[in-house]
Every structure is written in structure tokens, then in C-alpha cells.
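Residue numbers (this note's numbering), protein chains in the order written: chain X, 3 to 369; chain H, 4 to 238.
Heads up, the beta-carbon is just placed ideally off N, CA and C, and yes, glycines get one too.
Input: a single structure, listed below in C-alpha cells.
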Amino acid sequence: MNKIKQFFKISKYEMIRVTRNKVVFTMLLVFCVALMLLLSYVQINTSRYPIAIFTDGVNMEETPVVQLVDESLSFGKISYVTSEEEGIKLLKSNQVCFFIRLVKGEDADSTTAVIYYDRANPVANTITASMQDKKNEYTYKAITEFLTRYGIVLNENYFQALSFVPANNANITVKQVPFAIEVVCCVSIVLMLGIAYSLARDNETQVSKNIAYIPVGSNRYLISKILPYFVLGIIQIALMFLLGMWLFNIKFQTNLLICILLSSFGVLSILTLGLLFSLFKSQISSIFIGLLTVLVPVFVLIVVYVQACPIYIQILLYCVPTTPFAIFISAMIHNGVVLWQYIPIFIVQILVYYSIALFITKRRVKQ
Amino acid sequence: MLIVKNICKSYKNKQVLCGVDLTVKTGEIKGLIGVNGAGKSTLIEIICGVKKFDDGYIEINGIDITNKKRKLDIQKTIGYMPQSFSLFNDLTVEENLGYLCAVYDINLKRVDEVINICHLNEFKKVLAKNLSGGYRQLLSMAGAIIHSPKFLILDEPTNAMDPIFRKRFWQIVNSLKKDGITVLVITHYWEELVECDNFACLAGGKIKFNGSLSEFKQDGLLDIEQILNKYTLEE
């Protein structure tokens, strides 16, 4: 008990150091939010993802439900398919990232739009919107915006200012898909920036050399470095979740508190990798390597599609905690599923990265 | 009391220390001189238990320093002031010492005592990075004695100090001596050697001289350069 108390006393001073530079500390907190707002814009632009469209029950020649008005806007490949099965097949085989099915009902009000996005279980996880209710325009806007990115517009005569409203999965909107990824990307970048220089600056100023002479121990020294950033990371996650709820109207499919608690695995995993990079003897090297490493999965998560990458690239991406963290959080927030099988991945990453950092620190101390 | 017996240390194929014998009696101030690369810092690191040695025996106040079970006791017995400032630049004087109090698990009241001893009262709330070179060294000294060590090792402690600060610093060292603290100091300054009860000269990985300054004065050697030259040229 006394040792834990003593450990927290040591960590208190590390916390003071983190908060000492008010500008940097404010940036660490504010940058996350600013980045999230920026990424939410970037992420809406999904035009680089290949998609498939199936206009079920609608004769495209008679009634052009969708029109490709500007081909130059369409960076991603659009495949028009003739059946639902064909669309799902393309989705499952990684040839498209979304499959949109527009179903015409008997009257205009019963027309629905279904977006299939889950290649593992495409039929079970869809975003469905119908035109039965005019109250909620959000999904309608999101879908039309989504299509606009491909240079596609919905035929206004056909839809006539009708509103889509979520039917099956009432809480899911198109915009929710990228939100979890935004959060993880922002937190990864900011935490990596923070932790990467924490040990490196001690190395530069000879402070880390001093730990060999005082009974602080490598273990306590390293953990006391992580702890303030862990607290900061959890605050950031909570802040972004709350902002997501208020600003973007995100509906959490899993309890918010559970989402925050389970996020701690991902946060810790990122921090231990950052700690490893922090062992470089100069701050510049640590920050550069840490940031570049974390930017690779961030780039893939935003611009490309992880599951669409070759398996060896996927393995490499999974080595950086950002990737499993994004998928884990995404499933929790949007699908209401806790991927328990990811917890061992985080634990292994934490143990491996921390052990290497500890080994190197102990070796340095003994040299 | 420090007893160093027949210490040998080599890096790869290079022998840095070769059969070093050194004794520092309780309550005395012992100087250690030697040219750059003579192995002084290595010897200090070995005494502090930071570096391993190939052969020999070291005991501090009756504790064998290789005894891992007593590592904490040894760390609490020794106070080490490094050559360059190695406390946290982004913490104040008070916070730096508070950090060390947390590490040694001692009462925060000790911070004020040590601040008093090292004449740092007016800089209590000043960030370490804003202190002048001399005061930074005094803060280093405060950090080295925060846990009331019995044995104090000072590695070229007055490098960044002007003569006034140096004088003030030695007043602190002498007052610690009066409290029964044993001091081993690495120095390159004659006036500091004069303050020591006796000194040892390390050259070529061996202790070439161990005694008092008066022996040199009889030979007409009156500065540190002449002493170092004598033993280095012998090599």
C-alpha cells in the first residue's frame, strides 16, 4: 500500500511536468478536438472507396433514380449491379467497400435506401433508410451527400423532397461509420506526440542517467511516465465521445462508460509503443518515428480500407495499436458489439512493447 | 567508510581500471584526481553500483555493494552529485526536491531543511532551467543530500561555479563533514584539493598516489598540473 502511495507521489511530479508548459498542454487537449472536426470533413469524402449500386425494382431507363452528373468527381470505381447477390458478392470479395441498394416501393413513400458496409456479415449490418417519415432529414442528407461525392445525384423529381428516416437500425446513420476511426486517429496522433518526447527529453538532458543513482527503479520510472498520458488519453476519449454525441448526433450502440473503460486498453497499447520510440536519444528522432509510425494506419484507415489491403500489410498494420483500436471502438460504438478477441491483442502489444522498453532502459542503466 | 580492493574493469578489450585500491575513512574528505579518461568516473559509477566490475571487492559502511538484497540500503547510504546538472529543468527547485523525497519515501519537510543548507531559499519557486549555473549545481547538491546520506560522492561539482560560489559550496561540504558525512570528491582544482583531508591520484587505471598534499609541497609541486604530469609521464 505504501509503495503504491509512493508511486502516485512520483507520478504526481510527472503530471506537473506534462502540464507545466501550458501552451503544449492546451494544444494536446485542443488539437484532438480540432483534428476530429477536420477528420470528420475528410472522412465524409468517401469518393475513393469503390462502391456498387443496385436500383432494385426501378427501371433505370424509365426512371433514373440515380444520375452520374459529374464523372470527374468520381475517383472511386462505381459498379452498377443487377441483383442484391451480385452486390453482396462484390462486397465480400473486397472489390467494393459499400454496396448501395435503392429499393422502390409501391408508392414513393415506401422507397428505401440500404447501404451494406460490413463485408463479414453484410446482410446483418446495413444502414437502412425509408421515406415514410419526413421528420428526420439527417440520413437522407447523409446518403445524398455520400452519393454526391461520386458525382451522383438522386433524381429530385423521383424523390421530391422526401425525407429518409432510419427504419431497421434506427440509431445508425452514415456519418457514424467514420466517427470511431476519427476518435482513434486523433487520440493516437496526440498521445504519440506527447509520450514520444517524454523519455527522449530526459535522455537529452541527462536526467535518465540519474535514475541509476536513485532508488526509483526502471519499472517505476517508466510507469510514472505513462500514467499522466494515460489519464490524458482517457480524458481525450471521453471528451471526443461527448462531442460526438453533441456535435455529430452520434448514437452509441454500447454504453458510453463501457466504451470509455474498454478504450483504456487501446490507449495503453499506443502509449507503450510510444514509450518504446521515446527511448531514442533525441527528441526529434522519437517524435518523427512515433508520428510516422502512427500515421501509416491513420492514413490507411481514412483513405484506403484496411480489410482491402493484402494480408501481409494487414499484419503490419495490426502491429500498430491504432488499427485494432479503431476496429474495436468502431464495433462498440456503431454495431454495439464488444470484440473481446481484441483484448488479448492489446494485452500482448502492451506486454511486448513495455518489456522491450524496460529491457532497453535497464540495459542502459547498467552500461 | 569506503573500502575499494583490487577493482578491475575493462570495456571490450580496453582495460580501464586495473587493481584499484582506495579507502575513505568515515568523516573525511577525500579528493580524487586524474587526467581525462583516467577512469575516475568509471570508478565512481562502480562505487555507486551503477556499473559492474570484473574483479575486486567494494564495501560501503560494511555493506558489500554486490549484495543485491542490500541495493536499496546502498542507494540510501550514498548521495551522488553528477558532473552535469541532471534534475528536471521543467520543475521548480522545490518540486525537484519533492520528487526526490517521493523516490526516497521521506517527509517533504526535508525539502525546506535542504533548501536552507544549500542557500536556495529565494529560488524555491524558480524553475531549474531559470537558475544560473552556480545555483543549478547547488540544487544538484541539495538533491544529493536530500536523503541524509552517510557517504557523499561529488563528481567535479564546481565546474560551472565562479570562485564565490565555489567558496560557498565548500562551506556546505565542510559543514556536512562536521555532521559526520564522508565525502569523495573528483576535482581538477588545486584550491579544492587543499580542502580535502587527503587525496588519491588515478592514472593508467591504477591509484598512483594516496596520501596528503603536504608530501607534494615538500617536493615543490604546487599545482595540480604538476602532480598529474608527474604520474602521467611515469606511464
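- For a contact meaning CB atoms closer than 7 angstroms, what does Ile18(X) contact in chain H? Translated into the one-based positions of the first sequence, residue 18(X) becomes position 16. By Cβ distance, chain H contributes Leu94 and Glu98.
- In the DSSP assignment, find the unbroken alpha helix (DSSP H) run with Glu194(H) in it and report its ends. Your numbering for residue 194(H) matches position 191 in the second sequence. Note, Glu194(H): alpha helix (DSSP H), Trp193 to Glu198.
- Query: Relative to the alpha-carbon of Val117(H), which residue among Lys55(H), Ser143(H) and Thr69(H) has its alpha-carbon at the smallest distance?
  - Reply: Position 114 of the second sequence, counting from 1, holds the residue named residue 117(H). The shortest Cα separation from Val117(H) among Lys55(H), Ser143(H) and Thr69(H) belongs to Ser143(H).
- Going along chain H in order, which residues have a C-beta closer than 8 angstroms to the C-beta of Tyr356(X)? For the purposes of this step, residue 356(X) is taken as residue 354 along the first sequence, with counting starting at 1. Chain-ordered listing is empty here: chain H has no CB closer than 8 angstroms to the CB of Tyr356(X), the nearest sitting near 21 angstroms.
- Query: Going by the CB atoms, is the gap between Leu275(X) and Tyr355(X) shorter than 9 angstroms?
  - Reply: Working through the first sequence from its first residue, we reach residue 355(X) at position 353. Working through the first sequence from its first residue, we reach residue 275(X) at position 273. Their beta carbons are under 9 angstroms apart, which means Tyr355(X) touches Leu275(X) by this criterion.
- Message: Which of the three DSSP states is assigned to Glu159(H) in this structure?
- Response: Counting from 1 along the second sequence, the entry for residue 159(H) is found at position 156. Glu159(H): coil per DSSP, three-state reduction.
- Query: Given that Ser151(H) touches chain X, what residues does it touch there, using C-beta distances under 8 angstroms?
  - Reply: Position 148 of the second sequence holds residue 151(H). Near Ser151(H) there are no residues of chain X at all, since even the closest Cβ is about 14 angstroms away, more than 8 angstroms.
- Task: Whole angstroms is fine: what's the gap from Leu25(H)'s alpha carbon to Thr28(X)'s?
- Result: Here the question's residue 25(H) lines up with position 22 in the second sequence. Here the question's residue 28(X) lines up with position 26 in the first sequence. For Leu25(H) and Thr28(X), the distance between alpha carbons rounds to 54 angstroms.
- Task: Find out if the Cβ-Cβ distance for the pair Gly292(X), Ala198(X) is shorter than 9 angstroms.
- Result: In the first sequence, the residue the question calls residue 292(X) occupies position 290. In the first sequence, the residue the question calls residue 198(X) occupies position 196. In this structure, Gly292(X) sits near Ala198(X), with a CB-CB distance shorter than 9 angstroms.
- Message: Using beta carbons (cut-off 9 angstroms, strictly below), is Cys51(H) in contact with chain X?
- Response: As a position in the second sequence, residue 51(H) is number 48, starting the count at 1. At least one chain X Cβ lies under 9 angstroms of Cys51(H).
- Item | Residue range of the beta strand (DSSP E) that includes Asn213(H) | As a first step, residue 213(H) is located in the second sequence; it is residue number 210 there, counting from the start. Looking at the DSSP string, the run of the beta strand (DSSP E) that includes Asn213(H) is Lys209 to Gly214.
- Rounded separation between Leu259(X) and Lys55(H) - CA only: The sequence position of residue 259(X) within the first sequence is 257, counting from 1. The sequence position of residue 55(H) within the second sequence is 52, counting from 1. Cα to Cα, the separation comes out at about 50 angstroms.
- Query: Looking at the structure shown, is Lys364(X) part of a helix, part of a strand, or coil, going by DSSP?
  - Reply: Residue 364(X) sits at position 362 when you count from the first residue of the first sequence. Helix, per DSSP.
- Item | Sheet register partners of Val188(H) (DSSP bridge) | Here residue 188(H) corresponds to residue number 185 of the second sequence, with the count starting at 1. As a beta-bridge residue in DSSP terms, Val188(H) pairs with Gly34(H) and Leu157(H).
- Message: 9 angstroms is my cut-off, CB to CB: does Tyr314(X) come that close to chain H?
- Response: Position 312 of the first sequence, counted from the start, is the residue given in the question as residue 314(X). No - not a single Cβ of chain H is within 9 angstroms of the one on Tyr314(X).
- Message: Is it buried or exposed, Trp248(X), if we count other Cβ atoms within 10 angstroms and call 16 or more buried?
- Response: Here residue 248(X) refers to the residue found at position 246 when the first sequence is read from its first residue. Classification of Trp248(X): exposed, given that the 10 Å Cβ count is below 16.
- Task: Using the Cα positions of Asn64(H) and Glu195(H), report the straight-line distance between them to the nearest angstrom.
- Result: Locating residue 64(H) in the second sequence gives position 61, where the first residue counts as 1. Locating residue 195(H) in the second sequence gives position 192, where the first residue counts as 1. Between Asn64(H) and Glu195(H), the C-alpha separation is close to 25 angstroms.
- Do you know offhand how far Lys11(X)'s Cα is from Ile148(H)'s? On the first sequence, position 9 is the one that residue 11(X) refers to. On the second sequence, position 145 is the one that residue 148(H) refers to. So the alpha carbons of these two residues sit roughly 20 angstroms apart.
- Report the three-state DSSP secondary structure of Gly22(H) (helix, strand or coil). Mapped onto the second sequence, residue 22(H) falls at position 19. Of the three classes helix, strand and coil, the one that applies to Gly22(H) here is strand, per DSSP.
- Hey, out of Val106(H), Leu111(H), Asn92(H) and Val176(H), whose CA is closest to Ile6(X)'s CA? Taking the first residue of the first sequence as 1, we reach residue 6(X) at position 4. Nearest C-alpha to Ile6(X): Val106(H).
- Verify the CB distance criterion: does Tyr320(X) have a CB-CB separation below 9 angstroms to chain H? By one-based count along the first sequence, residue 320(X) stands at place 318. For Tyr320(X), the answer is no, since every Cβ of chain H falls outside 9 angstroms of its Cβ.
- Taking 9 angstroms as the cut-off, decide whether the C-beta atoms of Glu31(H) and Asn177(H) are in contact. Locating residue 31(H) in the second sequence gives position 28, counting from the first residue. Locating residue 177(H) in the second sequence gives position 174, counting from the first residue. With contacts defined by Cβ atoms closer than 9 angstroms, Glu31(H) and Asn177(H) do not form a contacting pair.
- Task: Could you name the residues of chain X that Lys79(H) contacts, counting a contact when the two beta carbons are closer than 8 angstroms?
- Result: Residue mapping note: residue 79(H) aligns to position 76 of the second sequence, counting from 1. Within 8 angstroms Cβ-Cβ: Pro217.
- Message: Using C-beta distances below 6 angstroms, list every residue in its chain close to Gln229(H), excluding the 5 sequence neighbours before and after it, in chain order.
- Response: Looking up residue 229(H) in the second sequence gives position 226. If we look at Gln229(H) and ignore the five residues flanking it on each side, it has no Cβ neighbours.
- How should Val186(H) be labelled, buried or exposed, when 16 other C-beta atoms within 10 angstroms of its C-beta is the threshold for buried? Against the second sequence, residue 186(H) aligns to sequence position 183. It is buried - the Cβ of Val186(H) has at least 16 other Cβ atoms within 10 Å.
- Extent of the continuous alpha helix (DSSP H) to which Arg171(H) belongs: Along the second sequence, one-based indexing puts residue 171(H) at 168. Per DSSP, the continuous alpha helix (DSSP H) segment holding Arg171(H) begins and ends at Pro166 to Lys181.
- Query: When DSSP labels each residue in this structure, what does Asp204(X) get in the three-state scheme?
  - Reply: Taking the first sequence and counting its residues from 1, the one referred to as residue 204(X) is at position 202. The three-state reading of DSSP puts Asp204(X) in helix, counting H, G and I together.
- Query: Excluding sequence positions up to five away, which residues of its chain have a Cβ less than 7 angstroms from the Cβ of Leu134(H)?
  - Reply: By 1-based counting over the second sequence, the position of residue 134(H) is 131. Phe126 and Leu142.
- Task: Put Ile328(X) into one of helix, strand or coil per three-state DSSP.
- Result: Position 326 of the first sequence, counted from the start, is the residue given in the question as residue 328(X). Checking the sequence, you will find Ala at residue 328(X) rather than Ile. Correct three-state label for Ala328(X): helix.
- Going by alpha carbons, who is nearest to Glu98(H) out of Gly137(H), Leu123(H), Tyr83(H) and Asn162(H)? Locating residue 98(H) in the second sequence gives position 95, counting from the first residue. Minimum Cα distance to Glu98(H) is reached at Leu123(H).
- Message: For Ser87(H), would you say it is in contact with chain X, using Cβ-to-Cβ distances shorter than 9 angstroms as the test?
- Response: Mapped onto the second sequence, residue 87(H) falls at position 84. At least one beta carbon of chain X lies nearer than 9 angstroms to the beta carbon of Ser87(H).
- Item | beta strand (DSSP E) runs contained entirely in the segment 26 to 99 of chain H, provided each spans 3 or more residues | Qualifying beta strand (DSSP E) stretches, in chain order: 32 to 36, 58 to 63 and 81 to 84.
- Which residues in the same chain as Leu5(H) place their Cβ atom closer than 6 angstroms to its Cβ, once the five residues preceding and following it in sequence are excluded? As a position in the second sequence, residue 5(H) is number 2, starting the count at 1. Apart from the 5 residues on each side of it in sequence, Leu5(H) sits with its Cβ closer than 6 angstroms to the Cβ of Val27 and Ile63 in its chain, given in chain order.
- Does Val25(X) have its Cβ less than 9 angstroms from a Cβ in chain H? For the purposes of this step, residue 25(X) is taken as residue 23 along the first sequence, with counting starting at 1. No, because no Cβ of chain H sits closer than 9 angstroms to the Cβ of Val25(X).
- Message: My output table needs one value for Tyr82(X): the three-state DSSP class, helix, strand or coil.
- Response: Looking up residue 82(X) in the first sequence gives position 80. Taken through DSSP and simplified to helix, strand or coil, Tyr82(X) comes out as strand.
- Query: Could you give the distance in angstroms between the alpha-carbon of Ser151(H) and the alpha-carbon of Ser280(X)?
  - Reply: In the second sequence, residue 151(H) corresponds to position 148, counting from 1. In the first sequence, residue 280(X) corresponds to position 278, counting from 1. Rounded to the nearest angstrom, the two C-alpha atoms are 33 angstroms apart.
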